[in-house]
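Before any comments, here is the structure.
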């Protein structure tokens, strides 16, 4: 289990709009290739709404599991979406708001999501990230996640 630093506190997402707003604030500067391409075709706000409705709400686990990491002054720092998929427990989404990256908050969010899933009975938690998102890959490694697979996604342009 990844250790908790105790710098952030965590609370559930209060509404659809709060989650969409956080996603829109996380998207600028993301290293996720698909998200960068989607934002380039529309906007961070538009992609956040689509991602929320088409991806995150598709998981059968309760939204009450989702957590917002908050600094002591109440400022939101990021979002982690621990979830259950047809294949087991997953970290479905994890993001730090642009402007707060590089300060270790990714570790706090990942630890919180992992601990929440363990409390739900998970003995194994999976997650993935783009090959180019080395900061996220290193966070998974620090948290004790094993790199057990690779995937190549291809599409026609």
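In my numbering, the protein residues as written are 28 to 184.
Glycine is no exception: its CB is placed at the ideal position from the N, C-alpha and C atoms.
Put simply, the backbone Cα of residue 98 is about 22 Å away from that of residue 119. Between the alpha carbons of residue 70 and residue 50 lies a gap of roughly 12 Å. Around the CB of residue 130, fewer than 16 other CB atoms lie within 10 Å, so the residue is classed as exposed. When the beta-carbon positions are compared, residue 151 and residue 116 come within less than 8 Å of each other. Residue 55 and residue 162 have their C-alpha atoms some 16 Å from each other. For residue 96, the uninterrupted beta strand (DSSP E) run begins and ends at 94-97, by DSSP. Contact check for residue 144 against residue 166 fails: the beta carbons are separated by 8 Å or more. Within 10 angstroms of the beta-carbon of residue 79 lie 16 or more other beta-carbons, which makes it buried.
Taking a contact as a CB-CB distance under 8 Å, the pair residue 94 and residue 139 counts as one, their CB atoms being some 5 Å apart. Under the criterion of beta carbons closer than 8 Å, residue 88 and residue 68 do not qualify as touching, at roughly 29 Å. A distance below 8 Å separates the beta carbons of residue 59 and residue 160.
The beta carbon of residue 72 sits closer than 6 Å to the beta carbons of 51 from its chain, once the five residues preceding and following it are set aside; these are given in chain order.
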